[in-house]
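Input: a single structure, listed below in structure tokens.
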Amino acid sequence: MTDQAPFCPAEDPSWGPFFPSSRRSPAWTSPNRAPLPVDLQERWGEPVEPREAGFGADGPLPAIPAALDDRRDGRCVPLYETESDLARMRGSARRLALLTPVAQGALDSLANYIFGPGFTVRVEGNDAPPAWRGVAQRILDRFADDNDLAGLCDRELHHRTREDGEAFVQLISRRDGGCRLRFLEPEQITEPANPRPLEDWLGVTDEGVSSWSFGVHTLADDPATPLGYHIIHDSAGRDWNYLAVDQIEHLRRNVPRNAKRGVSDFLVIQADLEREAVLRRNTAEGAALQAAIAWILQPNSSDHTPLGIPRSEIPVVHRTTPATTAYERVRRYPPGTILRPSAGLEYKPGPLGSERIPHFLQVGQAVLRAIGLRWNMPEYLISGDASNASYASTLVAESPFVKAREADQQYFRRHLQSLCWKVLQLAWRQGAFGHLGVSFPQLLHSLNVQVGVPAVASRDPLGLAQTHELQLRLGLLSRRTAAAQAGLDYDQEQRNRAEETPPFLSSPDSLSPPEEPPSHADTAA
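Numbering that gives the first Met the number 0 puts the first residue of the sequence shown at 0, with every later residue one more than the last.
Here is the structure:
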């Protein structure tokens, strides 16, 4: 035993939660306490931290008590508290999303199932005059065509919300009456250095105390309702702009309603993505290196005959790394290399030996399953291995993956509807509805913007057609809805039918052929 003072858990800061200062006895806190008996010192042993790493005081996520200021003014602790926290998270997420094939494949697969051939936008309204619906439909159709809304813009919008956790879509009026869509980078939305002159210019000083945290203008007591956004176009902030909420659409993910900014999908799986990338790279490199070596000659200790290729004769390449001028020695093993250990050395297989490779592959599959759980993905979709999964069972309407993608469709449908109404409002301000003498509140009350989404679940075409036929006969389903569920454009199909209808058909709804004319024998009789 040594003469050092015995360990006291009450004096160790990491044991504070277990020994609150208000409950410590004088025997523990007194600096002149008597030393513990030797037998007690021996039985005490070394302290063991009962809290798991990552969830206690010593982990990356300290066990700090929640406070009222954690969610005040648009913050979202422990995810972020400042704009610097958001910038660091975006940098890490973009690196993983753009440089790892697993993340790229996951993003593309999600977008394919969510959008498919693209969303459809249709203006309806039973109480509105047909002229109102026609003008509004032409405006939205032109907006979709001019900005490549289906196929390009929708997928970029999806990828931005996954990578950065948010996306900012600005609407810009054109002189020819159209509307242009522009994506703003999240770094452009920042808090102004001196918001007081901006508030005076906007005339909002009498409405209440404004909050400009994270570049989102809200009332201080209502962070969930944005009024506008402060945007900069240079690092110094000299070139700035203010966009009202009717000129920009803000999509954010993975945060509560009172949080002003979103966070990336990759935040919670960042460590798993990095481990999977390192494991896959090292396993592939080791396997490729082993495949280049035909065999290894291991002579007896008394045999000095040079067999195979000595290590000194194996080509060595000197290359300069981009970050430094120092030379890096890279040893090349051409295919079919036969190695002979040097004198006094014996070959031992490394951790990546052939008998251990299946274990690395199993670990990689487990990591991929954990990554796919972030989006409820089946294993074959995240790993490309369909050996242990049934494609038909993973894309039925009741599967978790289908339910999650349908929820994503509702998320994008809501924002696309809001974006379409903002486009119509800009067009109304430019005078697109001036000849109709209608106000925008009247349009908002009379018209309805419907956004159609493709089906995510895999369906039997014959069973779907039979179901539609029965529902149409019972009056439970409209033909337009049936066409949308079948993945068809109802208006285009009706135009195609009108062009292909033979003259003998009285109406497009009648597909029965005409009765055959009587034969000559019947006429003669």
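We treat Cβ as the ideally placed atom computed from N, Cα and C, and that holds for glycine.
What distance in whole Å lies between the Cβ atoms of Arg472 and Asn257, which are believed to be in contact at a cut-off of 8 Å?
In the sequence shown, residue 257 corresponds to position 258, counting from 1. In the sequence shown, residue 472 corresponds to position 473, counting from 1. The Cβ separation is near 50 Å, so there is no contact.
Among residues of its own chain, excluding the 5 on either side of Thr217, which ones have a beta-carbon nearer than 8 Å to its beta-carbon?
Position 218 of the sequence shown, counted from the first residue, corresponds to residue 217. Closer than 8 Å at Cβ, skipping near neighbours: Gly73, Ser209, Ser210, Ala223, Thr224, Pro225, Leu226 and Lys259.
Residues in its own chain within less than 8 Å of Glu190 by CB, not counting five upstream and five downstream?
Walking along the sequence shown from the start, residue 190 turns up at place 191. Once the five neighbours on either side are set aside, the close Cβ partners of Glu190 are Glu82, Trp211, Ser212, Phe213, Gly214 and His229.
Can you tell me the Cβ-Cβ gap for Ala219 and Gly207, rounded? I've got them flagged as a contact below 8 Å.
To locate residue 219, count along the sequence shown from 1; it is residue 220. To locate residue 207, count along the sequence shown from 1; it is residue 208. Confirmed, about 7 Å.
Taking one C-beta from the segment 438-450 and one from the segment 117-132 each time, how about it: are there three or more such pairs within less than 8 Å?
yes
Per-residue DSSP class, three states only, for Val215:
Against the sequence shown, residue 215 aligns to sequence position 216. Here Val215 sits in strand by DSSP.
His467, DSSP secondary structure in three states:
Mapped onto the sequence shown, residue 467 falls at position 468. Helix, per DSSP.
Quick check on this structure: which residue in Phe118, Arg132 and Leu201 has the alpha carbon closest to the alpha carbon of Leu151?
The residue given as residue 151 occupies position 152 in the sequence shown. When each option's Cα is compared against that of Leu151, the closest is Phe118.
Measure the C-alpha to C-alpha separation of Ala105 and Ile381 and round it to an integer number of angstroms.
For the purposes of this step, residue 105 is taken as the residue at position 106 of the sequence shown. For the purposes of this step, residue 381 is taken as the residue at position 382 of the sequence shown. So the alpha carbons of these two residues sit roughly 6 Å apart.
Helix, strand or coil for Gly90 per DSSP?
Residue 90 sits at position 91 when you count from the first residue of the sequence shown. Gly90 falls in the helix class under three-state DSSP.
Beta-carbon proximity list for Ala426, same chain, < 6 Å, skipping 5 on both sides
Position 427 of the sequence shown holds residue 426. The residues are Ile138.
Just reading off the beta strand (DSSP E) that Glu248 is part of, what are its end residues?
Mapped onto the sequence shown, residue 248 falls at position 249. First-last of the beta strand (DSSP E) with Glu248: Ile247 to Arg251.
Ignoring anything shorter than 3 residues or poking outside the segment 156-194, list the beta strand (DSSP E) runs there in chain order.
Counting only unbroken stretches of 3 or more residues, the beta strand (DSSP E) elements lying wholly within the segment 156-194 are 165-172 and 178-183, in sequence order.
DSSP state of Asp221 mapped onto helix, strand, coil:
By one-based count along the sequence shown, residue 221 stands at place 222. Of the three classes helix, strand and coil, the one that applies to Asp221 here is strand, per DSSP.
Which first and last residues belong to the beta strand (DSSP E) in which His229 is found?
Position 230 of the sequence shown, counted from the first residue, corresponds to residue 229. Looking at the DSSP string, the run of the beta strand (DSSP E) that includes His229 is Gly227 to Ile231.
Distance, Cα to Cα, Gly462 vs Lys402?
The residue you call residue 462 lines up with position 463 of the sequence shown. The residue you call residue 402 lines up with position 403 of the sequence shown. One Cα belongs to Gly462, the other to Lys402, and the distance between them is close to 21 Å.
Hey, out of Ile113, Ser91 and Leu78, whose CA is closest to Ser457's CA?
Residue numbering aside, residue 457 sits at position 458 when the sequence shown is read from its first letter. Selected option, being the one with the closest Cα: Ile113.
Apply the 10 Å Cβ neighbour rule to Phe182 and answer buried if 16 or more other Cβ atoms are within range, or exposed otherwise.
For the purposes of this step, residue 182 is taken as residue 183 along the sequence shown, with counting starting at 1. Exposed: under 16 other Cβ atoms inside 10 Å.
In terms of DSSP beta bridges, what is Thr243 paired with?
Taking the first residue of the sequence shown as 1, we reach residue 243 at position 244. It should be pointed out that residue 243 corresponds to Ala in this sequence rather than to Thr. In DSSP, Ala243 forms a bridge with Gly227.
Are Ser263 and Ala406 closer than 9 Å when you measure CB to CB?
Here residue 263 refers to the residue found at position 264 when the sequence shown is read from its first residue. Here residue 406 refers to the residue found at position 407 when the sequence shown is read from its first residue. No, the Cβ-Cβ distance between Ser263 and Ala406 is not below 9 Å.
Could you give the distance in angstroms between the alpha-carbon of Val101 and the alpha-carbon of Gly383?
Within the sequence shown, numbered from 1, the residue matching residue 101 stands at position 102. Within the sequence shown, numbered from 1, the residue matching residue 383 stands at position 384. Val101 and Gly383: Cα-Cα distance of roughly 10 Å.
Gln187 versus Ser108, Asp153, Ala86 and Asp205, residue with shortest Cα-Cα distance
Reading the sequence shown from its first residue, position 188 is the one you call residue 187. Here the closest residue by C-alpha is Ala86.
DSSP state of Arg404 mapped onto helix, strand, coil
Counted from its first residue, the sequence shown places residue 404 at position 405. Helix at Arg404.
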